[in-house]
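Here is the structure we will look at.
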Amino acid sequence: MYNGGKIIAGLIIFVAFFTFPFYYNIGKADTKPEPKLDTPVIQSLPASERHCVESKEFMRTSHMQLLNDWRDTAVRGMDRTFNGMNGQRYYISLQNTCMKCHSNKKEFCDKCHTYMGVKPYCWDCHFTPKEQFIPKEKES
Amino acid sequence: MSMNRRQFIKLAGISTVLGIGGLTAVDKIRAQSVLETPPAAPDASTVFQAPTALKAKRWGMVIDMTRFNNPDLYRKCITACHSIHNVPDWGEKKDEVKWIWTDDYEHSFPDSENPYMPEAMKEKSFLLLCNHCDNPPCVRVCPTQATFRRPDGIVMQDMHRCIGCRFCMAACPYGSRSFNWKNPRLALKKVNPDYPTRTIGVVEKCTFCTERLVKGLQPACVEASEGAIVFGDLEDPNSDVRKILGNRYSIRRKAELGTKPSVFYLIGGAENA
Chain A
609 MYNGGKIIAG LIIFVAFFTF PFYYNIGKAD TKPEPKLDTP VIQSLPASER
659 HCVESKEFMR TSHMQLLNDW RDTAVRGMDR TFNGMNGQRY YISLQNTCMK
709 CHSNKKEFCD KCHTYMGVKP YCWDCHFTPK EQFIPKEKES
Chain B
63 MSMNRRQFIK LAGISTVLGI GGLTAVDKIR AQSVLETPPA APDASTVFQA
113 PTALKAKRWG MVIDMTRFNN PDLYRKCITA CHSIHNVPDW GEKKDEVKWI
163 WTDDYEHSFP DSENPYMPEA MKEKSFLLLC NHCDNPPCVR VCPTQATFRR
213 PDGIVMQDMH RCIGCRFCMA ACPYGSRSFN WKNPRLALKK VNPDYPTRTI
263 GVVEKCTFCT ERLVKGLQPA CVEASEGAIV FGDLEDPNSD VRKILGNRYS
313 IRRKAELGTK PSVFYLIGGA ENA
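Protein chains in written order, with this note's numbering: chain A, 609 to 748; chain B, 63 to 335.
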């Protein structure tokens, strides 16, 4: 093999470069996102009422379907009351019901959404509790 | 290594079968361990209308122009609506977004020109808004059904589905629809945190305050109008709007177009009608 040393050195450098992202992210990508539930509103609820509109397991896997259903029934249908878990009733509104309890969008919504790389466009229109007075300056 | 055609086909066949079988096996294992079936929603969960919500067969509005004698009253109605619904104020006509606004008689009722009508009425500003037509041309042209007529007569706009084609704006003979040329949040000095804004590239208009009706409240402009605007069910002969329309002469904007508007204007006193 001509120039064997150079080729092997080159190969080693190439392999090191190519696999760098894998080494660099070892252990990181596996860290499970932990959405936080410690908002003042949730903390102030008595333990018996400290639940979402549906079970935790259902919300974890299917909140997007529920939110789509809520959106359609509120905007396209006429009904805006939701009969939730344990027969408790909720006003169907992302801004006025969901975000009243989950007032920590960054620690709650964004945690998993960033991890999964999904970008829901809810916040283009709907306000979140903390940033409601800061207009987005991106578009001209 | 040399290989004849027979050997090659054999090898290809075996590796294909192995490949497919291998993948299927992997998928099966994955399906069992990782992708558990999501828990179904409990059966009791349903969606319904709150008992306190205002209901009607066809919502309509009567605007008594004889009671609009003070410029402040127009402003009060417009501000009430625009502040509640986070309607941006761009300060220039080009980017204007409006749900409720004013114009003079000549431009509001171009078909009913009358040179000898009372001067006071001729020069008056008329309070204009979406007419929530019974036969809405905007709904007919919308390619995505983002705008639609609800069973109670309200012509609603679904911002989630609007693609910003502006066909509805071309179709509406009343100019009730506005397009968001810019991000509306940039033009809001104060926001109502209970109501969303819109985004750049969608069309918006008056909704007859659907979000207030479900809570049992009258529309914002009606509440601010000190009794000059009456809102009610046009299909109910005993409703306030029907009683007024039965007693006094009323006109509608461009009714000859066949859109069947649901907003009525009173332009004369009861004694003259």
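For glycine and all other residues, C-beta sits at the position ideal for the given N, C-alpha and C.
Using DSSP with H/G/I as helix, E/B as strand and the rest coil, what is residue i?
i: residue 647(A); result: coil
i: residue 219(B); result: strand
i: residue 612(A); result: helix
i: residue 724(A); result: helix
i: residue 262(B); result: coil
i: residue 78(B); result: helix
i: residue 294(B); result: strand
i: residue 241(B); result: strand
i: residue 691(A); result: strand
i: residue 686(A); result: coil
i: residue 71(B); result: helix
i: residue 699(A); result: strand
i: residue 109(B); result: strand
i: residue 225(B); result: coil
i: residue 656(A); result: helix
i: residue 737(A); result: coil
i: residue 145(B); result: helix
i: residue 170(B); result: helix
May I ask which residues mark the beginning and end of the beta strand (DSSP E) holding residue i?
i: residue 211(B); result: 209–211
i: residue 256(B); result: Taken as a continuous stretch (DSSP letters only), residue 256(B) belongs to no beta strand (DSSP E), as it is neither H nor E.
i: residue 190(B); result: 187–191
i: residue 126(B); result: 121–126
Under 9 Å between the Cβ atoms of residue i and residue j?
i: residue 197(B); j: residue 321(B); result: yes
i: residue 142(B); j: residue 290(B); result: no
i: residue 188(B); j: residue 125(B); result: yes
i: residue 301(B); j: residue 118(B); result: yes
i: residue 269(B); j: residue 246(B); result: no
i: residue 218(B); j: residue 683(A); result: yes
i: residue 707(A); j: residue 734(A); result: yes
i: residue 326(B); j: residue 179(B); result: no
i: residue 700(A); j: residue 718(A); result: no
i: residue 696(A); j: residue 657(A); result: yes
i: residue 194(B); j: residue 208(B); result: no
Locate the alpha helix (DSSP H) running through residue i, then write down its first and last residues.
i: residue 683(A); result: 664–683
i: residue 308(B); result: 302–309
i: residue 328(B); result: Premise fails: residue 328(B) lies in the beta strand (DSSP E), 325–328, not in any alpha helix (DSSP H).
i: residue 630(A); result: 628–632
i: residue 274(B); result: 272–275
i: residue 229(B); result: 229–233
i: residue 206(B); result: Neither: residue 206(B) is in no alpha helix (DSSP H) and is coded neither H nor E.
i: residue 162(B); result: It is not in any alpha helix (DSSP H) - residue 162(B) instead sits in the beta strand (DSSP E) that spans 162–166.
i: residue 285(B); result: 282–286
i: residue 184(B); result: 181–184
If distances are taken between C-alpha atoms only, which option among the options comes closest to residue i?
i: residue 230(B); options: 245(B), 247(B), 265(B) and 211(B); result: 265(B)
i: residue 698(A); options: 627(A), 707(A), 677(A) and 661(A); result: 661(A)
i: residue 235(B); options: 303(B), 201(B), 215(B) and 181(B); result: 201(B)
i: residue 692(A); options: 109(B), 193(B) and 240(B); result: 109(B)
i: residue 183(B); options: 67(B), 195(B), 169(B) and 244(B); result: 169(B)
i: residue 330(B); options: 323(B), 127(B) and 242(B); result: 127(B)
i: residue 164(B); options: 130(B), 111(B) and 149(B); result: 130(B)
i: residue 323(B); options: 113(B), 72(B), 70(B) and 121(B); result: 121(B)
i: residue 149(B); options: 314(B), 313(B) and 244(B); result: 244(B)
i: residue 667(A); options: 654(A), 727(A), 680(A) and 716(A); result: 716(A)
i: residue 205(B); options: 283(B), 228(B) and 307(B); result: 228(B)
i: residue 283(B); options: 271(B), 277(B), 294(B) and 276(B); result: 271(B)
i: residue 258(B); options: 136(B), 135(B), 146(B) and 113(B); result: 146(B)
i: residue 712(A); options: 736(A), 636(A) and 680(A); result: 736(A)
i: residue 249(B); options: 239(B), 80(B) and 157(B); result: 157(B)
Determine the chain D residues that contact residue i at a beta-carbon separation under 8 Å, and present them in chain order.
i: residue 735(A); result: Chain labels in this structure do not include chain D; the protein chains are A and B.
Report task. Taking only beta carbons into account, state which residues of the region 202–223 of chain B come closer than 8 Å to chain A, listed in chain order. Result -> 210, 212, 213, 214, 218, 220, 221 and 222
Query raised in the report: Between the region 275–287 of chain B and chain A, which residues of the former have a C-beta closer than 7 Å to a C-beta of the latter?
Result: 276
Query raised in the report: Taking a cut of 7 Å between CB atoms, which residues from the region 665–689 of chain A lie near chain B?
Result: 665, 666, 669, 670, 679, 681, 683, 684, 686, 687, 688 and 689
Query raised in the report: Which residues, taken in chain order from the region 695–729 of chain A, show a beta carbon closer than 9 Å to some beta carbon of chain B?
Result: 695, 697, 699, 700, 701, 702, 703, 704 and 729
Query raised in the report: Which residues, in order along the region 108–139 of chain B, keep a beta-carbon less than 7 Å from a beta-carbon of chain A?
Result: 108, 109, 110, 111 and 112
Report task. Could you run through the region 252–265 of chain B and flag, in chain order, every residue whose CB is less than 8 Å away from some CB of chain A? Result -> 253, 255, 256, 257, 258, 259, 260, 261 and 262
**Report entry** Positions along the region 640–668 of chain A whose CB lies within less than 9 Å of some CB in chain B
**Finding:** 661, 662, 663, 665, 666 and 668
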